[in-house]
DNA sequence: AATGAATGAGAGTTCATTCAT
DNA sequence: AATGAATGAACTCTCATTCAT
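Protein chains in written order, with our numbering: chain A, 451 to 668; chain B, 451 to 668; chain C, 451 to 668; chain D, 451 to 668.
If you want it as structure tokens, here you go:
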């Protein structure tokens with residue numbers, strides 16, 4: 451863990467704009483991510499984090515008032531990144547200009563999220579485990595995702611339906627089927643068979659085709 | 451929580467064959483399921499469980515040597531139920547006799563798992579949250595599921611592929627796409643929109659059709 | 451431990467006169483002696499004793515109101531046996547009749563205590579460990595030993611001093627030197643080198659001679 | 451107990467070389483020695499120690515991982531002091547130069563151990579009570595004492611035997627008789643009659659003479 | 001007489017957090 | 001900014017003892 455992790459540079463960049471993080475603080479976050487993702491938030495102790503980070507126990511609480519604040523400081527900024535691809539102002543324009551057909555759109559989204567997951571894997575794991583236990587997380591997630599992403603995503607679905615590229619079913623249902631498939635792809639890749647050889651290109655292809663055939667008119 | 455929960459009667463039945471559970475023990479398990487599923491294993495305290503169960507804290511440890519043993523006593527028996535539909539001896543015969551086409555097979559599996567999830571929801575939630583943190587669980591799961599279910603499932607896929615009802619793609623890939631879709635259906639139903647109105651019949655239909663179109667030759 | 455231990459038959463005999471012990475009670479005492487002597491009183495748990503005795507936890511408390519009562523029921527009766535050799539009415543007569551010289555007296559005492567220690571070893575161990583922590587034990591010991599044994603022992607010392615067989619030094623000092631030597635002999639035999647081969651006859655001889663030379667006029 | 455005990459200054463000195471003990475830590479050790487020696491290790495509770503030391507219970511465990519570690523930190527360093535008189539490199543030289551006859555040698559040893567016992571009495575008491583129940587203690591004791599002390603002591607015995615000052619009997623036997631007598635002296639002094647008036651000079655004299663007469667050729 | 005489930009006080013230990021340095 | 005000793009509440013677990021059966 452001596453090389454700098456991708457999620458860390460992201461996190462640094464996010465925080466950088468606000469204020470500098472000290473060396474020790476970086477070490478703390480690094481250790482916290484590792485331990486939280488390995489044992490879960492409640493199963494991790496601040497003293498263990500301090501030890502792995504090579505700082506005194508008190509130092510953690512100089513930067514984060516509570517253990518929970520440390521968790522949130524890790525997980526919250528990742529959420530805005532999560533929804534980044536949809537946070538464009540003129541979504542419909544992008545859609546029309548860049549993605550003439552569903553396939554290209556789906557492929558772009560899938561690859562984009564694949565890279566995102568690859569980069570932020572440990573934090574995503576933490577996020578998914580803790581979201582049921584922390585209202586702040588859930589609320590924050592609902593606000594950003596529900597409002598921003600869902601709206602844009604439905605718009606995209608309707609767009610392609612109008613073009614006759616997707617069959618007519620309720621947007622939430624279409625959304626569910628697409629997201630399930632892509633999430634299943636990511637979970638399989640990163641959780642179930644992380645080490646085994648798998649032909650990524652091919653699997654992406656199968657996955658996109660599956661959605662396409664499943665949702666396009668015959 | 452004074453009415454008897456469905457998962458409890460199941461659990462009782464499983465244990466009944468071996469030895470009787472006392473009244474207090476039932477109360478303990480009941481309370482533990484509730485609290486574990488609400489706060490996670492590490493976030494729950496035995497004293498809280500004891501209080502909710504209306505027993506002395508020591509009583510818990512009379513029946514379960516450790517807090518973890520209590521967890522396993524709840525989660526482990528559910529695993530065998532999880533794979534029950536595949537634990538038939540002569541699987542191919544059942545396949546041929548009962549399910550002339552993929553659609554009926556998929557529909558049966560989906561509805562069956564839907565009912566299962568409805569019954570065991572809190573325990574499944576506990577299981578899914580704890581499996582990354584407990585080796586015993588992971589091992590046990592791998593042994594039962596990997597060996598039993600995967601094998602049978604692949605057989606079914608090959609069976610329908612030979613009949614020309616499914617397109618030719620690697621069994622693991624086909625499996626992944628199907629399972630993703632069904633799991634996404636269940637997660638949506640029980641976690642994301644548990645209270646909202648949703649037309650279950652219709653959603654099942656959409657889901658099955660999606661898989662069908664996605665995987666059958668045109 | 452399935453054969454009946456010598457200290458047990460003694461204990462049974464002592465109690466027999468008062469009341470019968472049930473089978474389970476015997477098992478309890480047997481287990482208690484073993485465990486107390488191995489782990490100390492405070493370090494032993496009644497549940498462990500019950501388990502080793504093959505009885506229910508409650509059964510112990512049917513026979514002994516408290517854990518401590520169980521301890522005392524084991525240790526107390528041994529005390530009267532401890533002082534038995536001195537509990538003769540007409541001690542001086544015995545002395546004159548049976549032991550014409552100190553050597554024979556010392557040899558008799560030593561061998562007698564050796565046999566006693568061999569028989570009651572585990573209980574003696576318990577006794578010696580617990581006496582500093584239990585006032586009842588200490589009081590009881592002082593009353594019996596101080597009053598009975600010391601008095602008689604001093605009498606014997608004076609007796610042999612008058613005869614010129616022992617040099618003139620204060621009885622307590624003489625007593626201390628003799629007892630130290632014999633106790634050292636027993637402790638070596640049973641605690642320090644319990645398993646190693648040692649020529650008992652010879653060691654007894656050395657020990658007696660040592661005391662004799664150390665205390666007799668040249 | 452507000453004055454500083456002699457054994458404490460010793461213990462501090464031993465540890466000082468390695469690392470400083472905090473004020474509270476000293477208080478903890480002080481309280482632990484008192485309570486362990488009064489009630490035995492298993493019979494003492496950490497909460498009682500904390501209370502007597504005037505610290506929070508958690509503080510104990512900041513300095514000692516377990517209750518047992520606290521015990522060992524008290525008892526172990528005393529063991530090296532116990533054998534100090536024999537831990538001289540050129541033992542035979544010391545023997546020849548400083549102790550021309552057995553009497554002076556025995557007297558020196560006795561007085562030296564008497565002072566040692568006076569200083570470390572509570573810790574010695576703890577040590578002797580706990581040694582049967584803790585393998586680490588027993589092993590450590592065997593290693594240091596058996597190897598170091600016994601060897602040297604036997605050498606001394608042979609030395610005086612060669613000079614004709616001691617009769618020819620097996621070294622272990624001679625050792626046993628001498629140690630028994632001195633230990634008996636110390637136990638009497640500190641355990642049996644701690645408060646009563648006793649003429650120490652005189653008693654030492656009797657004791658030395660007893661060993662001398664008992665073991666020297668006539 | 002015997003059981004063993006149940007108890008609740010208290011055991012040893014961990015923990016997030018504070019604070020003087 | 002950083003330390004690490006100190007805290008005390010809370011944790012898991014053990015124990016001697018009780019009591020309905």
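Glycine included, each C-beta is placed from N, C-alpha and C at the ideal position.
### Task
Go ahead and pull the three-state DSSP assignment for residue 617/C.
Walking along the third chain from the start, residue 617/C turns up at place 167. For residue 617/C, the secondary structure class from DSSP, reduced to helix, strand or coil, is coil.
### Query
Nearest-angstrom Cα distance between residue 620/A and residue 607/B?
Residue 620/A sits at position 170 when you count from the first residue of the first chain. Residue 607/B sits at position 157 when you count from the first residue of the second chain. Going by the C-alpha atoms only, they are around 29 Å apart.
### Cross-chain neighbours of residue 614/B in chain A, by beta carbon under 7 Å
Here the question's residue 614/B lines up with position 164 in the second chain. Ordered by position in chain A, no residue passes the 7 Å Cβ test against residue 614/B, which lies about 16 Å from the chain.
### Query
Going along the chain, which residues of its own chain have a beta-carbon closer than 8 Å to the beta-carbon of residue 617/A, five neighbours each way excluded?
For the purposes of this step, residue 617/A is identified with residue 167 of the first chain, where counting begins at 1. Counting only Cβ-Cβ distances below 8 Å, and skipping sequence neighbours, we find 611, 665, 666 and 667.
### Query
So, using beta-carbon positions, are residue 636/C and residue 563/C closer together than 8 Å?
Within the third chain, residue 636/C is the residue found at index 186, counting from 1. Within the third chain, residue 563/C is the residue found at index 113, counting from 1. Taking 8 Å as the Cβ cut-off, residue 636/C and residue 563/C qualify as a contacting pair.
### Query
Exposed or buried, what is residue 532/C when buried is set at 16 or more other beta-carbons lying within 10 Å of its beta-carbon?
Here residue 532/C refers to the residue found at position 82 of the third chain. Result: buried.
### Query
Which residue comes first and which comes last in the alpha helix (DSSP H) that contains residue 608/B?
As a position in the second chain, residue 608/B is number 158, starting the count at 1. Segment 601 to 612, the alpha helix (DSSP H) holding residue 608/B.
### Query
Per DSSP, what kind of secondary structure is residue 586/D in: helix, strand or coil?
Mapped onto the fourth chain, residue 586/D falls at position 136. Residue state, collapsed to three classes: helix.
### Query
Among 584/D, 513/D, 483/D and 490/D, which one has its Cα closest to the Cα of residue 502/D?
For the purposes of this step, residue 502/D is taken as residue 52 along the fourth chain, with counting starting at 1. Nearest C-alpha to residue 502/D: 483/D.
#### Entry: Residues of its chain near residue 560/A, where Cβ-Cβ distance is below 8 Å and the 5 sequence neighbours each way are ignored
Here residue 560/A is taken as the residue at index 110 of the first chain, counted from 1. 632, 635, 654, 657 and 658, listed in sequence order.
### Message
Measuring alpha carbon to alpha carbon, tell me which residue in 481/C, 473/C and 534/C is nearest residue 572/C.
### Response
Working through the third chain from its first residue, we reach residue 572/C at position 122. Closest by alpha carbon: 481/C.
### Query
Taking 8 Å as the CB-CB cut-off, is residue 517/D touching chain C?
By one-based count along the fourth chain, residue 517/D stands at place 67. The beta carbon of residue 517/D does not come within 8 Å of any beta carbon belonging to chain C, so the residue lies off that interface.
### Task
Evaluate contact between the stretch 471 to 480 of chain C and the stretch 497 to 511 of chain C, counting only Cβ atoms and requiring at least three cross-stretch pairs below 8 Å.
yes
### Query
Taking the alpha-carbon positions, what's the residue 600/C to residue 629/C distance?
Here the question's residue 600/C lines up with position 150 in the third chain. Here the question's residue 629/C lines up with position 179 in the third chain. So the alpha carbons of these two residues sit roughly 11 Å apart.
### Query
With C-beta atoms as the reference, is residue 638/C less than 8 Å away from residue 626/D?
Along the third chain, read from residue 1 onward, the residue named residue 638/C stands at position 188. Along the fourth chain, read from residue 1 onward, the residue named residue 626/D stands at position 176. Contact flag set, yes.
### Message
Strictly under 8 Å for the Cβ-Cβ distance: is residue 559/A near chain B by that measure?
### Response
Along the first chain, read from residue 1 onward, the residue named residue 559/A stands at position 109. Taking Cβ atoms only, chain B never reaches closer than 8 Å to residue 559/A, which makes this a no.
### Query
So which residues of chain A does residue 663/B contact, with C-beta pairs closer than 7 Å?
Within the second chain, the letter at position 213 stands for residue 663/B. Neighbours of residue 663/B on chain A, chain order: 663 and 664.
### Query
What residue does the alpha helix (DSSP H) around residue 662/C start on, and which one ends it?
Working through the third chain from its first residue, we reach residue 662/C at position 212. Note, residue 662/C: alpha helix (DSSP H), 650 to 665.
### Message
Could you check whether the Cβ of residue 619/C sits closer than 8 Å to any Cβ belonging to chain D?
### Response
Residue numbering aside, residue 619/C sits at position 169 when the third chain is read from its first letter. At least one chain D Cβ lies under 8 Å of residue 619/C.
### Query
Can you name the residues of chain C whose CB is closer than 7 Å to the CB of residue 653/D?
Stepping through the fourth chain from its first residue, residue 653/D is reached at position 203. Going along chain C in sequence order, the residues near residue 653/D (Cβ under 7 Å) are 623.
### Query
Cβ of residue 633/C less than 8 Å from any chain D Cβ?
Numbered from 1 along the third chain, position 183 holds the residue referred to as residue 633/C. Cβ-Cβ to chain D under 8 Å: yes for residue 633/C.
#### Entry: Nearest candidate by alpha-carbon position, reference residue 540/B, set 494/B, 598/B and 649/B
Locating residue 540/B in the second chain gives position 90, counting from the first residue. Among 494/B, 598/B and 649/B, the Cα nearest to that of residue 540/B belongs to 598/B.
### Message
Please list the terminal residues of the continuous alpha helix (DSSP H) segment that includes residue 474/B.
### Response
Position 24 of the second chain, counted from the start, is the residue given in the question as residue 474/B. Judged by DSSP secondary structure, residue 474/B falls within the alpha helix (DSSP H) whose first and last residues are 473 to 489.
### Message
Run through chain D and tell me which residues come within less than 9 Å of residue 656/C, C-beta to C-beta.
### Response
Counting from one through the third chain, the residue named residue 656/C turns up at place 206. Under the 9 Å cutoff, chain D gives 619, 620, 623, 624, 626 and 627.
### Query
Since residue 511/C is in the alpha helix (DSSP H), which residue starts that stretch and which ends it?
Start at 1 with the first residue of the third chain, and residue 511/C comes out as number 61. 507 to 513 is the extent of the alpha helix (DSSP H) around residue 511/C.
### Task
Count the other CB atoms, across all protein chains shown, that sit within 10 Å of the CB of residue 520/D; report buried if there are 16 or more and exposed otherwise.
For this step, residue 520/D is matched to residue 70 along the fourth chain. Buried is the call here.
#### Entry: Backbone secondary structure at residue 594/D - three-state DSSP
Numbered from 1 along the fourth chain, position 144 holds the residue referred to as residue 594/D. DSSP places residue 594/D in helix when its eight states are reduced to three.
### Nearest-angstrom Cα separation, counted from residue 605/C out to residue 622/C
To locate residue 622/C, count along the third chain from 1; it is residue 172. To locate residue 605/C, count along the third chain from 1; it is residue 155. Using only the alpha carbons, I get a separation of about 11 Å.
### Query
Counting contacts by CB-CB distance shorter than 8 Å, is residue 492/B in contact with chain A?
Walking along the second chain from the start, residue 492/B turns up at place 42. Cβ-Cβ to chain A under 8 Å: yes for residue 492/B.
### Local conformation of residue 580/D per DSSP, three classes
Your numbering for residue 580/D matches position 130 in the fourth chain. Three-state result, residue 580/D: helix.
### Three or more C-beta pairs below 8 Å linking the stretch 576 to 590 of chain B and the stretch 522 to 537 of chain B
yes
### Task
Leaving aside the five residues before and after residue 557/B along the sequence, list all residues of the same chain whose C-beta is less than 8 Å from its C-beta, in chain order.
Along the second chain, one-based indexing puts residue 557/B at 107. Result list for residue 557/B: 654 and 658, in chain order.
### Query
What residues from the stretch 471 to 492 of chain C come within 7 Å of chain D, judged by C-beta to C-beta, listed N to C?
Considering only beta carbons, the part of the stretch 471 to 492 of chain C lying closer than 7 Å to chain D consists of 489, 490 and 492, in chain order.
### Query
What is the DSSP secondary structure of residue 493/B, reduced to helix, strand or coil?
The residue given as residue 493/B occupies position 43 in the second chain. Shown here, residue 493/B sits in coil according to DSSP, grouped into three states, outside any helix or strand.
### Query
For residue 553/B, which of helix, strand or coil comes out of DSSP?
By 1-based counting over the second chain, the position of residue 553/B is 103. If DSSP states are grouped into helix, strand and coil, residue 553/B belongs with the helices.
### Extent of the continuous alpha helix (DSSP H) to which residue 542/A belongs
If you number the first chain from 1, residue 542/A lands on position 92. Per DSSP, residue 542/A belongs to the alpha helix (DSSP H) from 541 to 548.
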